[in-house]
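J.: First, the structure itself, so that you have it in front of you.
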Amino acid sequence: MMKTLQTLSILEGSSLLLLLFVAVPMKRLAGVPEAVTIIGPIHGALFILFNLFIFYAISKLKLKKKYAAVGFIASLIPFGSFVYKAKVLSRRSAFR
52 MMKTLQTLSI LEGSSLLLLL FVAVPMKRLA GVPEAVTIIG PIHGALFILF
102 NLFIFYAISK LKLKKKYAAV GFIASLIPFG SFVYKAKVLS RRSAFR
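Listed below in structure tokens is the structure:
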């Protein structure tokens with residue numbers, strides 16, 4: 052379960068970076084809107100899945116609520132999910 056949360060964190064963070072730094076520039080600068088059409092829904096699904104799994108981790112993995120909130124905020128910030136995985140999910144103190 053813990054490995055799943057860590058994996059989702061990396062996938063969600065990667066999809067956000069792809070969206071912001073590859074797909075959007077391709078749409079705006081190269082006139083290729085299909086990039087956002089493809090990457091956007093993938094990122095949206097990963098974002099929702101990651102955040103749902105954070106709430107699941109509160110009950111099953113005993114993730115502390117303050118660290119769950121940090122995870123949600125991290126999912127909104129580029130590179131935030133990577134920092135969250137490295138700094139929060141690697142600590143035993145994040146769990147009860």
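Oh and the sequence shown: position 89 is 140 in this note's numbering, straight run, nothing missing.
Even glycine gets a Cβ: it sits at the ideal position worked out from N, Cα and C.
#1: For Leu67, report the span of its alpha helix (DSSP H) as first-last.
#2: Does DSSP put Leu114 in a helix, a strand or coil?
#3: Would DSSP call Phe130 helix, strand or coil?
#4: Give me the DSSP bridge partner(s) of Phe106.
#5: Say whether the region 60-67 touches the region 126-136, bearing in mind that this needs 3 or more beta-carbon pairs closer than 8 Å, one atom from each stretch.
T.: Well, looking at it:
#1: Along the sequence shown, one-based indexing puts residue 67 at 16. Unbroken alpha helix (DSSP H) run through Leu67: Met53 to Leu69.
#2: Your numbering for residue 114 matches position 63 in the sequence shown. Looking at Leu114 - three-state DSSP - the assignment turns out to be strand.
#3: The residue given as residue 130 occupies position 79 in the sequence shown. Correct three-state label for Phe130: coil.
#4: Here residue 106 refers to the residue found at position 55 when the sequence shown is read from its first residue. Phe106 is not bridged to any residue.
#5: yes
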